[in-house]
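For reference, the structure is listed below as structure tokens.
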Amino acid sequence: MNVVLWIVQAVLAAMFGMAGVMKSTQPKDKLAAKLPWVEDFSAGTVRFIGIAELAGALGLILPALSGIAPVLTPLAATGLAVVMVLAALAHVRRKEPSAIAFNAVLFVLAAFVAWGRFGPYGF
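For my numbering, add 17 to where a residue sits in the sequence shown, where the first one is 1.
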């Protein structure tokens, strides 16, 4: 089970890390071509979302890997699950069912990591 958690953590960290870097470094106008939802938010909010995703990605891997404050790993997973709930709500407002489904899958994966790391395979 620990191996499965590490695999899911790595996949989530890669996905959220790439998305976070993209949202926190690219201008809003350039993002709008790929991510139409950014039109509903300010540039600062989009950048904040990117930084939160990047921090969550780092939090999924670094604390557990280094053994320094490993409680941060399930907390990062919980934070990313909350981000996915908020993202799904934004997509519900925009009537984007495929994006909602994608957010739901990421939510389940993040919740699984949080459960596993808070539970029997945690710190």
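Note that CB positions come from ideal geometry on N, CA and C, so glycine has one too.
Small disclaimer: the values here were computed from a predicted structure and weren't measured.
Pair within 8 Å by beta-carbon distance, residue i and residue j
i       : j       : result
Leu-126 : Val-25  : yes
Phe-119 : Ala-74  : no
Met-39  : Tyr-138 : no
His-108 : Trp-23  : no
Lys-47  : Ala-60  : no
Ala-72  : Pro-80  : no
Ser-41  : Gly-67  : yes
DSSP-derived helix/strand/coil call for residue i
i       : result
Pro-91  : helix
Gly-10  : For the chain, the structure presents residues 18 to 140; residue 10 sits outside this window and is missing.
Ala-121 : helix
Glu-113 : coil
Cβ separation of residue i and residue j, assumed to be a contact under 8 Å, to the nearest whole Å
i       : j      : result
Phe-135 : Pro-91 : 4 Å
Nearest residue (CA-CA) to residue i, options the options
i       : options                        : result
Ala-69  : Val-99, Gln-43, Gly-84         : Val-99
Val-28  : Ile-85, Ala-94, Leu-48         : Ala-94
Leu-77  : Pro-137, Met-18, Gly-133       : Gly-133
Ala-36  : Phe-58, Asp-46, Arg-64, Asp-57 : Arg-64
Val-102 : Gly-73, Ala-121, Leu-52        : Ala-121
Val-88  : Ala-131, Met-18, Met-39        : Ala-131
Segment limits, alpha helix (DSSP H) that includes residue i
i      : result
Ser-83 : 60-83
Met-35 : 19-42
Lys-51 : 45-51
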